[in-house]
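Sequential numbering of the sequence shown, starting at 1, is according to full-length UniProt numbering.
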Amino acid sequence: MVREGLRESAIVALQSVLVVAAVWVLLWVVGKLWVVLLPVLLAIIVCTVLWPPVGWLRRKGVPPAAAALLMMVIAIGVVAAVIALIVPSVVRQAPELAARATDGLRRLQDWAQGPPLNIRDEQIDNAVHAIVDKLQSSSATIASGVFSGVGTATSLLVTLFTLIVLVFFFLKDGPKFTPWIDRTVGHPSATHISEVLRRMWSTLGGFIRTQAIVSLVDATFIGIGLFILQVPLAGVLMVITFMGGFIPIVGAFVAGALAVLIALVSNGLTTALIVLAIIIGVQQLEGNVLQPWLQAKSMNLHAVIVLLAVTLGGSIFGITGAFLAVPAAATFTVVLRYLNEQIAKRAGETIPPEGAPVTENVGVPDDKEPPDAGDGDDNDADASP
């Protein structure tokens, strides 16, 4: 008994080491190919947003190239208009935003040093100074232009051009990709690859659309509260809240804390508490109503997994990695779920009931009925469009 237990523990430990090593190798490869992978990943995410209207235009008889080009022109126009309206104000007010946040941190420090907490200076000085330095350096960077320098500007332009070209061809020729896999790989591998890609596409699309709607609702309600309370920089805080919504947990926390700090410095403790109550109320609306309604169980990621993914992605690849971390974790989970299904089928086991709704929601577009789990034809269910 003891020997068998030790052997099983050794096997589990070896498997864990192999998984960690595989993840490390994967991250190393991604880091080496980041310049190439970044526009591809961003193009796929953009296509998940633009594909529904492009598909509608194609069903109405518009040629694929014309439909893709039309939606890209509209999207670029909308983005350019938003940038022209918002970015100058954000850049102009960034130093003031950092200064007010710094004052808020110092006021919190003074409060923490008094009763009833009576925290000593040395216990919080290092953390406060680090945050203040970060805020001040960030404001200087934003005010002077983040994308300064010939090398960075050239890299940005190349990435942007590659992104636009990839989006066009993905929208134009996307439906041809699955048949190409079928011809190249062959049956049965092509069936599994196509099914996994379809589920990943559905998951990515659901995540991006849901986060966009949730972020817009958060920014709107919190912004209305800030304007009513006459908190300075309310417009900038709305933009930060919207952008932070695409980085789950961490983004909402940072944006909310910043809004409370600005309100504390500018309007006093009462207004800051009201702002905090508004943010908590909106977050409760988001977590208990909006996300379950819009996203259902398509992601089904625990908050700890989300937090770890955002932390890992942000620490390795910066703000872009933090933004892409949750979609990457969700698509990786889709692959694991599909492998679990196939292993269970090979072993003749029944997939747990709680897993079935997740698989159906992830793998089936909103406008189609899910396959009948009770028809007994597993192969047809896996290969259904």
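Every residue gets a Cβ at the ideal spot worked out from N, C-alpha and C, and that includes glycine. A quick note: this is a predicted structure, and the numbers were derived from the prediction, not measured.
Contact check for Val260 and Ala272: beta-carbon distance about 5 Å, within the 8 Å limit, so the pair qualifies. Between Thr311 and Met200 a beta carbon distance of about 23 Å is seen, past the 8 Å cut, so the two are scored as non-contacting. By the criterion of a C-beta distance shorter than 6 Å, Ile164 is surrounded by no residue of its chain, once the five residues flanking it on both sides are discounted.
Note that the region 77-93 does not touch the region 190-204; fewer than 3 beta-carbon pairs, one per stretch, sit closer than 8 Å.
If the five residues before and after Val282 are omitted, its C-beta is found closer than 6 Å to the C-beta atoms of Asp218, Phe221 and Ile222, all from its own chain and listed in chain order.
If one requires a minimum length of 4 residues, the alpha helix (DSSP H) runs lying completely within the region 172-233 are 177-185 and 189-228, in chain order.
Between the region 229-240 and the region 92-105, the count of Cβ pairs shorter than 8 Å is three or higher; the stretches touch. The shortest C-alpha to C-alpha distance from Phe242 to any of Val265, Gln211, Ile228 and Leu269 is the one to Gln211.
When the alpha-carbon of Val306 is set against those of Ile319, Ala329 and Gly318, the nearest one is in Ala329. According to the DSSP assignment, Val62 belongs to no alpha helix (DSSP H), since it is labelled neither H nor E. Excluding its 5 nearest sequence neighbours in each direction, Thr178 has C-beta neighbours in its own chain below 8 Å: Ser194, Leu197 and Arg198, listed in chain order. Non-local beta-carbon contacts of Ala22 in its own chain, meaning distances under 8 Å to residues more than five positions away in sequence, are absent.
Under the three-state reduction of DSSP, Ala347 is assigned to coil, being neither helix nor strand. Nearest to Ile74 by alpha-carbon distance, out of Val40, Val54 and Leu105, is Val54. Beyond the five residues adjoining it in sequence on each side, Leu229 comes within less than 8 Å, by CB distance, of Ala263, Asn267, Thr271, Ile274 and Val275 in the same chain, given in chain order.
DSSP places Leu273 in the uninterrupted alpha helix (DSSP H) bounded by Leu269 to Leu285. Pro327 and Ile86 do not touch by the CB rule: their CB atoms are close to 24 Å apart, not below 8 Å. Judged by beta-carbon spacing, Thr48 lies within the 8 Å limit of Ile208, meaning their Cβ atoms are closer than that value. In terms of Cα proximity to Pro232, the closest of Leu258, Val62 and Val254 is Leu258.
A straight line joining the alpha-carbon of Lys32 with that of Pro248 spans about 26 Å.
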